[in-house]
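Q: Counted the way the working numbering counts, the sequence shown spans residues 115 to 585. From the three backbone atoms N, C-alpha and C, an ideal C-beta is built for every residue, glycine too. Please see the structure below; I have some questions.
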Amino acid sequence: MDAAVVIAGAGPTGLLLAAELAQAGVPVVVLERDPEPRLAAMGMAINAGVVDLLAERGLMERIGADGLPWPRAHFAQLWLDPGRLPGRQTYTYLLPQAKLEEHLLAHAEKLGAQIRRGVTVRGVRQDAEGVTVDTSDGEVTAAYLVGCDGAESVVRSAAGITFEGTEAAFDGIAGDVEVPNGHPLYQQLGANEFNSGLFSVAPSGVGLLRVATGEFGRRPADPAAAPDVAELRAAVHRLIGQDIDVGTPRWLGRWNCQTRQADRYRAGRVFVAGEAAHLHFPLGGQALSTNLEDAVNLGWKLAAELAGWAPGGLLDSYHDERHPAGERTCLTTAAQLALLYPADRVAPLRTVMNELIQFDAVNEYLVRTAGGLNVRHPASGCDHPLAGLRVPGVPLPPGRGLALRFDPAVRLDVDGWADRVDLVTAEPSADIPAVALLARPDGRIAWATDGTDPDGLAAALATWFGAPTGG
Ligand SMILES: Cc1cc2nc3c(=O)[nH]c(=O)nc-3n(C[C@H](O)[C@H](O)[C@H](O)COP(=O)(O)OP(=O)(O)OC[C@H]3O[C@@H](n4cnc5c(N)ncnc54)[C@H](O)[C@@H]3O)c2cc1C
């Protein structure tokens, strides 16, 4: 075989998945259609969930230096206040997606992932032994294929996975434009709702502004036809009622507001992740957090399967955990869409929502929703309130589980799993209301206890880490 795992697509999802696999010693090849890394990508911000996930992997120090911490969040462009949450302060980062991809690429390559550019995946066939991927550069064989090839995923179609959802009666253009000081676009800074749609302007570099228009009720233009400056100017004119110069585009692209989800995230030896699995209105950074969580969820499970220690059903748990999470993101972003259009009709609803946000519990719920922080996976056999959530702010041992105790008197017997799980004693943390816990390699809490009795730990270890050595 050419590799153990082939990934289609070197977007953020494919790159992080490649890094997770390479870190676990899995030979992995990423096939990317574009000959060069893209310098322009749509995203502008990573939410608190992504910041946590990158920090756990020791990446945030470097990546953060290229971004701007921003202690705010929004729900349908209604401002929330993360500072009012109890405990640990969480941050959104303003960070161009192309920069994030640059860091993820360097991380994946450093760990040994092979990225083959200018190779388009055309199809796949599979049998009991593995997959044969048909590409523009011949066939590539592997044990598994993961489609991280975006919303138009060829892998998804080839595997017979459907992608049902809503059609978008929405026409959107986004891109970076160069503008001199004092340019009229500076007066439009911010995100604004208009009766026919959205217009946002944000700084994206020195003398550079990110503009995005979105017109509801307008038939989407052909996605293959790149927009030009005249089209952008006309869209801005229609939205704000003023004909203003829109600068000199460095790049422009199209976007829309469809909500779609794959019916299955797995078809035999083929998986889909990221935007190949779910597509929704890109608000508040929920897209990248849902995408990257897919990558870290699947990465360690594939590695465990290939290493031979995966318990039965581990690979299927990828769909069982991530499909509901993707469905939830589709729902909460669709709810935000409903709060944005048409501006004159939804204005009273937005006023009431704003009043509700003044209540701490509502603010906290929406901050966690927008930040991707309240995603809870079903945790079989453990009813502790932390089970299924991420372990917040704790560096994870790469590719391994973590048995963490905050009281050295608690006896956590992980001896039978010492080749897969680290035992660490730490100072108690106000952010982790438990005496001990077991975290999986993706940072999800599989088991936790408030007492000194480690009842249930052995079962959780067997569920997620397989049989004990010599057991
Ligand atoms: C206007 C706009 C603003 C956004 N802002 C944000 C934001 O601020 N924060 C946020 O979290 N998200 C944002 N998003 C969403 C975010 O950009 C996407 O969710 C993200 O890019 C999806 O990542 P991905 O890796 O799953 O797929 P993609 O980024 O689509 O990557 C797929 C990769 O696969 C490659 N590929 C495709 N087909 C093939 C093939 N057949 N063979 C080989 N390679 C192939 C592509 O070239 C590409 O490199 C925004 C989106 C839009 C439209």
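Taking 8 angstroms as the cut-off, is the C-beta of S318 nearer than that to any heavy atom in ligand 1?
A: Not under cutoff, so the answer is no.
Q: Could you pull the start and end residues of the beta strand (DSSP E) that G252 belongs to?
A: Its beta strand (DSSP E) spans residues 252-261.
Q: Can you grab the Cα-Cα spacing for the pair R436 / V165, in whole Å?
A: R436 and V165: Cα-Cα distance of roughly 19 angstroms.
Q: Measure the CB-CB distance between F520 and I559 and report whether it falls below 9 angstroms.
A: The answer is no: Cβ separation not under 9 angstroms.
Q: Quick test of your reading: W369 and M156, contact by CB under 8 angstroms. State the CB separation rounded to the nearest angstrom.
A: Yes, W369 and M156 are in contact; Cβ-Cβ is about 6 angstroms, under 8 angstroms.
Q: Per the DSSP calculation, H188 is bridged to which residue(s)?
A: Note: H188 sits in a beta bridge opposite W193.
Q: Name the two residues that bound the continuous beta strand (DSSP E) containing P363.
A: Residues 362-369.
Q: How close, in whole Å, do the beta carbons of A412 and F385 come, if the pair is a contact with beta carbons under 8 angstroms?
A: The sequence as given places Leu at residue 412; Ala does not occur at that position. At roughly 6 angstroms, the Cβ-Cβ gap stays under 8 angstroms, so L412 and F385 are in contact.
Q: Near Y347, what residues of its chain come up, given a Cβ to Cβ distance below 6 angstroms and the 5 sequence neighbours on each side ignored?
A: The sequence shown places Arg at residue 347, not Tyr. Closer than 6 angstroms at the Cβ level, and outside the excluded window around R347, lie V360.
Q: H498 to A562, Cα distance in whole Å?
A: Distance between the alpha carbons of H498 and A562: 6 angstroms.
Q: Under the criterion of a Cβ to heavy atom distance below 8 angstroms, does E389 qualify as lining ligand 1?
A: Yes, since a heavy atom of ligand 1 falls inside the 8 angstroms radius drawn around the Cβ of E389.
Q: Quick one: is the Cβ of Q90 within less than 8 angstroms of any heavy atom of ligand 1?
A: Past the edges of the chain, shown from 115 to 585, lies residue 90, and the structure says nothing about it.
Q: Contact between the region 262-271 and the region 118-132 is defined here as three or more beta-carbon pairs at a separation below 8 angstroms; is this criterion met?
A: Result yes; three or more Cβ-Cβ pairs closer than 8 angstroms.
Q: Since G319 sits in a beta bridge, which residues does DSSP pair it with?
A: For G319, which the question treats as bridged, DSSP gives the partners L322.
Q: Figure out for me which residue from D285, L168, H491 has the closest Cα to the Cα of Q372.
A: Comparing Cα-Cα distances from Q372 to each of D285, L168, H491, the minimum goes to D285.
Q: To the nearest angstrom, how far is it from the Cα of L487 to the Cα of L168?
A: So the two alpha carbons sit approximately 14 angstroms from each other.
Q: At a threshold of 8 angstroms, does N411 count as lining ligand 1 (C-beta to nearest heavy atom)?
A: Every heavy atom of ligand 1 is 8 angstroms or more from the Cβ of N411, so no.
Q: Which same chain residues end up closer than 7 angstroms to L470 when comparing Cβ atoms and leaving out the 5 residues on each side of it in sequence?
A: Excluding positions up to five away in sequence, the list reads V476.
Q: Got a sec? Which residues, its chain only, sit under 7 angstroms from H351 by beta carbon, not counting five neighbours each side?
A: Within the same chain, H351 has close Cβ partners D357.
Q: Does the Cβ of S403 have 16 or more other Cβ atoms within 10 Å, making it buried, or fewer, making it exposed?
A: S403 is buried by the Cβ-count criterion.
Q: Below 8 angstroms, can you find three or more Cβ-Cβ pairs linking the region 519-538 to the region 197-206?
A: The region 519-538 vs the region 197-206: no contact.
Q: Say the cut is 8 angstroms; is the CB of G363 nearer than that to a heavy atom of ligand 1?
A: The amino acid at residue 363 is misidentified as Gly; the sequence shows Pro. No, since every heavy atom of ligand 1 falls outside the 8 angstroms radius drawn around the Cβ of P363.
Q: Return yes when the Cβ of G232 is within less than 9 angstroms of the Cβ of W423, no when it is not.
A: No, the Cβ-Cβ distance between W423 and G232 is not below 9 angstroms.
Q: Is it buried or exposed for Y258, if we count other Cβ within 10 angstroms and need 16 for buried?
A: Buried, by the Cβ-count rule.
Q: Since D564 contacts A574 with CB under 8 angstroms, what's their CB separation in whole angstroms?
A: Not quite, the Cβ-Cβ distance comes to about 15 angstroms (not below 8 angstroms), so this is no contact.
Q: With respect to the beta strand (DSSP E) encompassing L516, which residues constitute its N-terminal and C-terminal limits?
A: Note, L516: beta strand (DSSP E), 515-519.
Q: Please find out if some non-hydrogen atom of ligand 1 comes closer than 8 angstroms to the beta-carbon of D251.
A: Outside the cutoff, so no.
Q: Beta strand (DSSP E) containing E278: first to last residue?
A: Where E278 is concerned, the enclosing beta strand (DSSP E) stretches over 277-280.
Q: State yes or no: is the C-beta of P126 nearer than 8 angstroms to some heavy atom of ligand 1?
A: Correct: P126 has its Cβ closer than 8 angstroms to ligand 1.
Q: Short check: CB of K480 to CB of L225, under 9 angstroms?
A: Per the sequence shown, residue 480 should be read as Leu rather than Lys. Against a cut-off of 9 angstroms, the Cβ pair of L225 and L480 comes out as no contact.
Q: Which same chain residues end up closer than 7 angstroms to L420 when comparing Cβ atoms and leaving out the 5 residues on each side of it in sequence?
A: So the list reads A118, V140, A257, once near-sequence residues are dropped.
Q: With DSSP as the reference, please indicate the residues paired to P183 in a beta bridge.
A: P183 is bridged to Y207.
Q: Taking D536 and R554 to be in contact with their CB atoms under 8 angstroms, please state how far apart those CB atoms are, rounded to whole angstroms.
A: About 12 angstroms; that fails the 8 angstroms criterion.
Q: Identify every run of the beta strand (DSSP E) within the region 481-513, keeping only runs that are complete inside it and at least 3 residues long; order them along the chain.
A: The region 481-513 contains no whole beta strand (DSSP E) run of 3 or more residues.
Q: Can you give the beta carbon distance from R239 to V144, rounded, assuming they're within the 8 angstroms contact cut?
A: So it is not a contact: roughly 20 angstroms between Cβ atoms.
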